[in-house]
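Visitor: For reference, the structure I am asking about is given below.
Residue numbers (the UniProt record's numbering): 1 to 116.
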């Protein structure tokens, strides 16, 4: 696994933990409110109707991470199924854009949370 993918997987772990703990405000702050704000995140989860649990590490490493070609700065499109208490791996899916800053930090844009 590339170093970048390891960093993205760690960021994905942090994000899915915030979702599982229903800390939507912290997640929105992490994403600077880009695309989905706190209320929209909460609505997507409540509409699904299941209690989310942390995504196991083994599943995070199989998230779909696609580098966005010719993106400056470097960026990736990330898709990851979320897990629920009742179902385990669910059909609720998290879609993100992760962007590398010049300092090497990764910023997150929460694109969507929806059923596939």
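For each residue, glycine too, the CB sits at the ideal point set by N, CA and C.
Treat the numbers as computed from the prediction; the structure is a model and nothing was measured.
Quick one: residues in its chain with C-beta nearer than 7 Å to the C-beta of residue 52, no 5 flanking neighbours on either side, listed in chain order?
Guide: 19, 20, 45, 82, 83 and 84, listed in sequence order.
Visitor: For residue 88, which option in 54, 106 and 24 has the closest C-alpha, if you only look at C-alpha atoms?
Guide: Answer by Cα proximity: 54.
Visitor: Answer with buried or exposed for residue 10, where buried requires no fewer than 16 other C-beta atoms within 10 angstroms of its C-beta.
Guide: Classification for residue 10: exposed.
Visitor: By the DSSP assignment, the beta strand (DSSP E) with residue 114 in it spans what residues?
Guide: It spans 106-115 - the beta strand (DSSP E) in which residue 114 sits, taken as one unbroken run.
Visitor: For the beta strand (DSSP E) holding residue 97, just list the boundary residues, first then last.
Guide: Looking at the DSSP string, the run of the beta strand (DSSP E) that includes residue 97 is 88-100.
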